[in-house]
Amino acid sequence: MSWSSDLLGLQVLLGMVILFQGTTNPQLAIVLIGSAIRLAQSMGLPSTKSSDHIAAQLRRSRIFWIAYILDKDLSLRAKAPYTQFDAETDISLPEDIEGDALGIMVSDLGDIRFNYLRARAELAVIQGRVHNLLYSRTAQRLNPEQRSETRFHIELLLSNWRSSIPQALITSDSTFRRLSHTLTHLMMNMYNRHLECLYRIHGIFAFDETWINRVRCYLSPSIIAIGDDGIDGDINHREISPLPDNWSNCVQHSRVGLELSAFSRETEYSIWLHACCNLSGLIILLVNIIEFPDHVLVVSDWSLISRGRSMFEQMNAKASREPFFLLQVVEELVQRARGQVKRLTHSHSFESEGVILADLELSHR
0 MSWSSDLLGL
10 QVLLGMVILF
20 QGTTNPQLAI
30 VLIGSAIRLA
40 QSMGLPSTKS
50 SDHIAAQLRR
60 SRIFWIAYIL
70 DKDLSLRAKA
80 PYTQFDAETD
90 ISLPEDIEGD
100 ALGIMVSDLG
110 DIRFNYLRAR
120 AELAVIQGRV
130 HNLLYSRTAQ
140 RLNPEQRSET
150 RFHIELLLSN
160 WRSSIPQALI
170 TSDSTFRRLS
180 HTLTHLMMNM
190 YNRHLECLYR
200 IHGIFAFDET
210 WINRVRCYLS
220 PSIIAIGDDG
230 IDGDINHREI
240 SPLPDNWSNC
250 VQHSRVGLEL
260 SAFSRETEYS
270 IWLHACCNLS
280 GLIILLVNII
290 EFPDHVLVVS
300 DWSLISRGRS
310 MFEQMNAKAS
320 REPFFLLQVV
330 EELVQRARGQ
340 VKRLTHSHSF
350 ESEGVILADL
360 ELSHR
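In numbering that gives the first Met the number 0, the protein residues as written are 0 to 364.
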């Protein structure tokens, strides 16, 4: 059998892509997905005209959408062009076919039936648009007004996509209660891919240089005066740029992402797969505590931060080199977060049970 008609060979390639995604170096996955997409194209998978047999076309369609999803995932991660263009794709998104459970997620209680494959394909379309906005050559020619309008449109698409997901599946407590361990990891993967889009749209991804430079401003004595007793001064907001638009919404969603990671019994594979989003979430929650040390979720957020730090430290101990170079920034942000909470708890004009509890929690870390 020739490679141009070997569906099994294509599935093997896609399996290898999935495997290498969750490693310390996903570069091989990026190389393999390009080969897989080109093979799918040579087999005519992106076209409905490639097969007249309904069952065969359904199988080919599902394999294509898996390849499409992985192509967009890795393209956004690598900030590199994707291989399969939407203009060259003329097959429908995965349908929910009665009596066919492939690609369908069903809760343990049987009260939720969710077309997971379709949702991932829809998200992949949005991932492609995020890439086009931020990293394509065409985007570099847009003026600020055009970029702002495009960004708003993509964020609206992402928000509408998120609203289409059963809410019981994107809250940590409900997810763990309703889904099996395997399905929980699938939801966590999808949610993190959504978070990556959100972070990149707002410029708060952990590896965004402009964002990290802003974050590092909190470590400067000209922005926050560091006290010898651990009680820092107030933030000098005149010397630091404002937080990104829609900040509270980003914090809320990053909190859910870290909750899913913290309580889902992550494997070494999933830890590496979600490392960038989890690290981004840690930094976002720390910045939020520094800026708003009196908010009501300081204690629970600190618990999530502590779990995340512990996870990354364990991975560093196993790695042959230090892969998470931003962990040093995280550790310094931890000190600034402590300093801001202590500043409030030692202020005669501020008395809050939540902040006092946070101070006690922080002092034992």
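Beta carbons: idealized from backbone N, C-alpha and C, even for Gly.
Secondary structure in the region 205-244: the alpha helix (DSSP H) runs of 4 residues or longer, each lying completely within the stretch, are 208-215 in chain order.
In the DSSP assignment, Val105 is bridged to Arg112. The alpha-carbon of Arg140 is positioned some 20 angstroms away from that of Ile125. Sequence-distant Cβ neighbours of Glu87 in its own chain, meaning closer than 7 angstroms and more than five residues away, are Pro45. Ala336 has its alpha-carbon roughly 37 angstroms from the corresponding atom of Ile17. When rounded, the separation of the alpha-carbon atoms in Arg136 and Cys276 is 25 angstroms. Using a Cβ distance threshold of 7 angstroms, Ile203 and Ile222 do not count as a contacting pair. With 16 or more other Cβ atoms inside 10 Å of its own Cβ, Phe311 counts as buried. Residue ranges of uninterrupted alpha helix (DSSP H) with 4 or more members, entirely inside the region 25-111 and ordered along the chain, are 26-41, 53-77.
Ranked by Cα distance from Arg58, the options Ala35, Asp99, Asn245 are led by Asp99. With distances taken between CA atoms, Arg161 lies nearest to Leu194 out of Asp228, Leu194, Leu278, Arg199. Going by C-alpha positions, Ala39 is about 43 angstroms away from Arg213.
For Phe262, the three-state secondary structure derived from DSSP is coil. The alpha-carbon separation between Phe113 and Ser163 amounts to approximately 10 angstroms. Following the DSSP letters along the chain, one finds Thr149 inside the alpha helix (DSSP H) bounded by residues 143-163. The C-alpha of Val286 lies about 12 angstroms from the C-alpha of Ile234. With a 10 Å radius around the Cβ and a threshold of 16 neighbouring Cβ atoms, His236 comes out exposed.
For Ser60, the CB contacts under 6 angstroms within the same chain, skipping 5 residues up- and downstream, are Ile90 in chain order. Secondary structure note for Asp172: its alpha helix (DSSP H) is the uninterrupted segment 171-177. Restricting attention to Ile62, Arg150, Asp72, Phe291, the CA atom closest to the CA of Leu12 is found in Ile62. Spanning the alpha carbons of Gly280 and His180 requires a straight line of approximately 22 angstroms. Ile65 is the residue among Ser173, Glu121, Ile65, Ala54 whose C-alpha sits nearest the C-alpha of Ala35. Burial check for Pro241: the Cβ neighbour count within 10 Å stays below 16, so the residue is exposed. Shown here, Ser269 sits in a helix according to DSSP, grouped into three states.
For the pair Arg215 and Leu284, the Cα-to-Cα distance works out to about 15 angstroms.
In terms of CA proximity to Arg150, Arg128 leads the group Thr174, Arg128, His273, Ser171.
With a threshold of 16 other beta carbon atoms within 10 Å, Gly256 meets it and is buried.
Between Asp228 and Gln339, the gap from beta carbon to beta carbon reaches 7 angstroms or more.
Residue Glu258 holds the alpha-carbon nearest to the alpha-carbon of Ser299 among Ile270, Phe19, Glu258, Arg176.
Rounded to whole angstroms, Ser158 and Leu69 show a C-alpha spacing of 21 angstroms. Taking all protein chains in view, the Cβ of Gly109 is surrounded by fewer than 16 other Cβ atoms within 10 Å, so the residue is classified as exposed. Bounds of the alpha helix (DSSP H) holding Arg136 are 136-139. Where Ala167 is concerned, there is no enclosing alpha helix (DSSP H), because DSSP gives it neither an H nor an E.
Sequence-distant Cβ neighbours of Lys71 in its own chain, meaning closer than 7 angstroms and more than five residues away, are Tyr81, Ala123, Gln126, Gly127.
Under the DSSP assignment, Gly338 falls in the alpha helix (DSSP H) whose first and last residues are 326-344. A residue is called buried once 16 or more other Cβ atoms fall within 10 Å of its Cβ, and Pro143, having fewer, is exposed.
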